[in-house]
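Input: a single structure, listed below in structure tokens.
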Amino acid sequence: MIRRIWSLVIKEFIHLRTDWWLPAFMLLGGVTELLLVAWATSRPITNLPLMVLDYSKSAQSRALIVGLENTGTFRAAEAVDDMHEITSALEKGKINAAVIIPPDFDDMMVASNGQPTLQILLNGAESTPALEALRAVDGLARDINQRIIIQRLGLRSDEFAGFDVSLRVWFNENLSEALYTTPAELGLMLEFTVLLFAALAFSRERELGTLEQLLVMPFSSLEIIIGKSIPVVIIAITDFVLMLGMIHFAFDVPIRGSFFLLMVLALAYLLVELSKGLVISVISRTQHQAFLLVMLVGMVDFMFTGYAAPVEGMPQALQWFANLIPAHHWLYIMRSILLKGSGLNVLYPHVLALAALGLIIGTFSLRFVRRALD
Amino acid sequence: MDYQPAILAKDLTKRFGDFTAVDHINFNVQHGEIFGFLGPNGSGKTTTIRMLLGLMKPGEGSVEVLGLKVEKDTSKIRPRVGYMSQRFSLYNDLTVLQNLNFYGQAYGLENSLLQKRIAEALHMAGLERHENTQTRDLSGGWRQRLALGAAILHRPEVLFLDEPTAGVDPLSRRAFWDLLYKLVSTPLQPETNQASLESEMREQRGVTVFITTHYMDEAEHSHRLAFIQHGKIIASGSPIEIKTQKMPGDVLEISPSDAAGAVKVLRSAQNDGKLPLNEIVLYGSLVHVIAPDILRHEQAITVILQNSGIQPGVMTVIEPSLEDVFIACMKS
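Protein chains in written order, with our numbering: chain A, 1 to 374; chain B, 375 to 706.
Structure, rendered in structure tokens:
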């Protein structure tokens with residue numbers, strides 16, 4: 001039995017060597033994708049294009065513009081004379097934000113009872129930069145407010161202590177986006193690698209016509225499943241370690257919890273995805289079909305990883321549904337081990353959920369695939 | 375020991391929805407014979423072979439291979455049979471040697487025995503210096519001989535060949551059949567180290583070959599054959615039996631100056647009721663006319679052809695080819 005399985009494993013690896021783009025995609029595709037994501041998100045948003053329509057043209061308005069530029073969020077403001085230019089630039093997507101300073105800005109700032117106003121236009125079509133711009137303008141406005149109040153009360157700056165929030169972020173001290181996105185991406189890439197690779201296991205041989213030959217050989221269906229799965233597991237685990245090493249060493253994503261626990265749970269998770277992939281593989285007539293099914297399943301899972309939108313903010317029914325998605329639990333587990341250093345004592349609800357789902361999906365898959373092969 | 379045929383099909387039936395692909399067919403294949411399973415495309419050949427191999431459950435009826443029920447004892451039968459289809463047996467991205475290694479190991483061959491069998495297969499297929507060629511780079515004939523070599527590495531008792539010669543040139547087909555004959559007449563020797571009483575007995579019986587094809591000339595090479603059409607066996611027996619028993623008349627071979635014209639003229643005479651012929655078939659530049667007691671019509675045929683300005687040429691009564699028989703069977 002071992003020898004027969006071994007012969008199948010060797011055959012699969014020979015396929016991989018001649019079909020080199022497949023393992024290359026599996027191993028390098030994930031790493032490259034992750035590299036780009038980590039790179040793109042590792043720094044805070046800066047240098048957003050900004051337009052200013054300054055009707056005031058005063059010392060106060062110039063100070064405001066310099067203040068905006070000093071936040072670092074915006075690049076040097078482009079001064080325009082006409083509202084039309086702003087409208088057109090927003091429509092063309094050339095700028096993310098525009099500031100309009102009214103003619104009485106200077107007077108209002110200086111007058112003891114003045115109420116200075118400022119108009120901000122944001123490009124909401126790109127919500128992330130828009131939010132970042134809003135945050136920057138908000139912060140600046142708060143500073144200016146405080147300065148005006150101190151001035152008008154005739155106080156020295158150290159005499160005033162308003163309401164102040166003491167902020168401390170745990171687990172991701174700089175609220176770096178990379179620490180959030182890269183583990184999510186890592187988890188997803190692992191899912192796609194396993195699903196896609198497993199989905200090709202039988203659909204490929206069926207498309208080429210060799211599946212029948214395999215089925216009349218003295219392999220039991222279990223031997224075929226094991227022989228087909230071993231290469232998937234080896235490639236996927238290698239891929240996972242590569243990707244983890246890359247984000248750890250190149251992008252300082254910490255591994256605060258137990259590396260061993262992480263690997264054990266990664267293996268468990270990929271067996272669950274493997275089971276799904278094999279089901280896709282036997283119901284697909286061609287590789288093409290298998291690929292499309294993987295995309296479909298992957299897209300649904302993607303929604304519940306919390307990558308696109310936090311699961312906690314979803315409607316109740318969807319939150320409940322998320323519990324049925326292995327990727328949801330896996331991403332929670334992985335983020336917690338990497339960033340929080342959580343152990344089983346904290347993670348056990350998700351580990352148990354993953355185990356239960358794995359048991360159900362795995363059993364179903366094994367029976368389904370065996371029946372399809374017999 | 376009770377006598378068991380190598381393959382026994384009883385009332386084998388398979389329906390797909392309303393379509394009956396295989397319709398209550400019965401046949402048996404004796405040990406050591408080449409059994410040809412003939413039929414046009416879509417006649418039920420592949421469905422039948424799939425049921426014989428246990429890849430598909432019969433709707434009704436049963437199949438026994440080597441005295442074992444296919445549905446129940448699949449795992450006992452598999453190591454004792456071989457299967458090859460010309461197009462799909464080999465992995466194209468594996469080399470010749472890798473394919474053979476995979477086959478051998480899958481059937482549990484090891485070490486020196488595996489090496490020996492592979493060397494024999496390479497020799498048989500004439501691929502001795504091409505071990506490291508990718509299979510996709512082999513020509514059709516070589517690929518087919520390699521597939522056969524792979525299928526017999528484990529010395530199967532029954533060999534199932536599904537259209538092994540489809541799309542291969544006539545010379546390679548001939549070479550392939552020579553190989554098959556050799557296989558059946560000189561039983562493959564299992565090595566002494568694993569000889570047992572049972573394997574010695576098998577050895578004496580020789581390999582049994584079940585082969586599907588749609589080439590008529592190949593049918594002539596079979597020891598016995600069955601002709602299947604629309605899921606039913608419409609003729610079976612040895613080629614001689616089929617020719618003598620199923621033929622509704624004699625065959626007259628004519629070599630006229632204009633063969634196509636002659637067929638046209640004779641057909642219209644047949645339709646007008648002037649000539650009571652069963653069949654008029656064009657064979658390249660020859661024409662075969664079939665009717666009971668054909669020589670009675672020789673004179674009439676000559677006259678009709680000459681009236682149309684066609685020289686009848688030489689006319690001889692010949693032994694019917696299987697193709698003649700099958701065309702006759704299909705029409706009746």
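We put the beta carbon where it would ideally sit given N, CA and C, even for glycine.
In this text the structure is predicted, and so the values were computed from the model without any measurement.
A/PRO23 has a beta carbon lying at 8 angstroms or more from every beta carbon in chain B. Contact between A/PRO231 and A/PHE13 holds: CB atoms are separated by about 6 angstroms, below the 8 angstroms threshold. Here A/LEU22 has LEU16 as same chain residues with Cβ atoms under 7 angstroms from its own Cβ, once five neighbours each way along the sequence are excluded. Identification of chain A residues near B/ASP467 by a Cβ-Cβ cut-off of 8 angstroms yields ILE14, HIS15, THR18, ASP19, ordered along the chain. In this structure, the straight-line span from the alpha carbon of A/HIS350 to that of A/GLY257 is close to 16 angstroms. Distance between B/ASN485 and B/ASN473, taken at the CA atoms: about 16 angstroms.
A/THR286 has a beta carbon lying at 8 angstroms or more from every beta carbon in chain B. A straight-line Cα-Cα distance of about 18 angstroms links B/ALA525 and B/THR420. Annotation: B/HIS398 is outside any alpha helix (DSSP H); the continuous beta strand (DSSP E) that includes it extends over 393-403. Below 8 angstroms, too few C-beta pairs join the segment 162-171 of chain A and the segment 238-248 of chain A to call them touching: fewer than three. Counting along the chain, A/MET334 sits inside the alpha helix (DSSP H) bounded by residues 326-335.
The beta carbon of A/ASP301 is closer than 7 angstroms to those of GLU191, ILE325, ALA327 in its chain, skipping five residues each way along the sequence. If the five residues before and after A/LEU8 are omitted, its C-beta is found closer than 6 angstroms to the C-beta atoms of GLY227, all from its own chain and listed in chain order.
Within chain B, not a single residue places a beta-carbon under 7 angstroms from that of A/ARG370; the smallest gap is close to 13 angstroms.
For the 8 angstroms CB-CB criterion, B/VAL625 and B/ASP698 form a contact. For B/ALA600, the uninterrupted beta strand (DSSP E) run begins and ends at 598-603, by DSSP. Under the three-state reduction of DSSP, B/HIS662 is assigned to strand.
At least 8 angstroms separates the beta-carbon of A/LEU200 from that of A/ALA268.
DSSP places B/GLU445 in no beta strand (DSSP E); its state is neither H nor E. Neighbourhood of A/PHE219 in chain B, by CB distance below 9 angstroms: ARG452, ALA480, in chain order.
Closer than 8 angstroms to the CB of A/THR210 there is at least one CB belonging to chain B. Under the rule that a run must span 4 or more residues, the alpha helix (DSSP H) segments found entirely inside the segment 53-101 of chain A read 59-70, 83-92. Distance from B/LEU442 to B/MET498 at the Cβ level is roughly 28 angstroms; contact not present, criterion being Cβ atoms closer than 8 angstroms. Positions of the beta strand (DSSP E) runs, each at least 3 residues long and wholly inside the segment 517-551 of chain B, are given as 532-536 in order along the chain. Using a Cβ-Cβ cut-off of 9 angstroms, B/GLN680 is close to nothing in chain A; its nearest Cβ partner there is about 55 angstroms away.
For A/SER166, no alpha helix (DSSP H) run applies, since DSSP gives it neither H nor E. Per DSSP, B/LEU649 is not a residue of any beta strand (DSSP E), being assigned neither H nor E.
Within the same chain, ASP385, THR387 come within 7 angstroms of B/GLU434 by CB-CB distance, once the 5 residues on both sides are set aside. With a contact defined as Cβ atoms closer than 8 angstroms, A/ILE65 and A/ALA97 miss out at about 13 angstroms. Considering only A/LEU242, A/MET83, A/LEU274, A/GLU212, the residue with the shortest C-alpha distance to A/ASP374 is A/GLU212. Fewer than three beta-carbon pairs drawn from the segment 636-645 of chain B and the segment 604-614 of chain B are found closer than 8 angstroms, and the two stretches are therefore not classed as touching. Secondary structure of B/ARG389 (DSSP, three-state): strand.
Minimum Cα-Cα distance from A/GLY362 among the listed residues A/GLU273, A/MET295, A/PHE202, A/TRP330 corresponds to A/GLU273. Of the candidates A/ARG142, A/ARG152, A/PHE105, A/GLY67, the residue whose Cα lies closest to the Cα of A/PHE163 is A/ARG142. Contact between A/ILE101 and A/VAL52 holds: CB atoms are separated by about 7 angstroms, below the 8 angstroms threshold. Each residue's CA atom was taken as its position, placing B/SER459 and B/ILE684 some 46 angstroms apart.
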